[in-house]
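Residue numbers (this note's numbering): 5 to 91. Positions of the beta carbon are idealized from the N, C-alpha and C atoms, including for glycine.
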Amino acid sequence: MSGWDEIEALATPDIREADQKRDDLDRLVLRVFNGEDGQKLLIWLRHMYVDVPIAVPGTDPSHAYYADGQRSVVRDIQARIKRARNL
């Protein structure tokens with residue numbers, strides 16, 4: 005290969021490999037959070053980062069962006085658990 009062929013080969017990753025990596029990570033997250041301790045940790049994470057106001061009067065507005073980022077991590081964990089249960 006030379007020229008554009010090499011570039012096109014880099015630009016078109018095997019989607020099956022990406023899907024398999026995602027599924028493997030989803031299963032890992034399910035294993036970690038599936039037990040009693042994992043459930044307690046997930047409840048705590050939701051309590052600390054999801055079930056709280058995202059913006060509080062008197063705080064810097066940039067705090068809302070930071071808080072939303074924390075929420076997105078917890079929501080990603082929850083979404084991965086749900087996907088892994090449906091595999």
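Taking the C-alpha atoms as reference points, what is the distance between residue i and residue j?
i: residue 85; j: residue 50; result: 14 angstroms
i: residue 43; j: residue 82; result: 11 angstroms
i: residue 41; j: residue 70; result: 27 angstroms
i: residue 59; j: residue 53; result: 12 angstroms
i: residue 45; j: residue 9; result: 48 angstroms
i: residue 90; j: residue 56; result: 29 angstroms
i: residue 27; j: residue 87; result: 8 angstroms
i: residue 23; j: residue 39; result: 25 angstroms
i: residue 25; j: residue 61; result: 42 angstroms
i: residue 78; j: residue 32; result: 15 angstroms
Within the continuous alpha helix (DSSP H) that includes residue i, where are the two ends?
i: residue 80; result: 66-89
i: residue 59; result: Looking at the DSSP string, residue 59 is not in any alpha helix (DSSP H), and its letter there is neither H nor E.
i: residue 35; result: 19-38
_Would the region 16-33 count as touching the region 60-69 if we require 3 or more Cβ pairs under 8 angstroms?_
no
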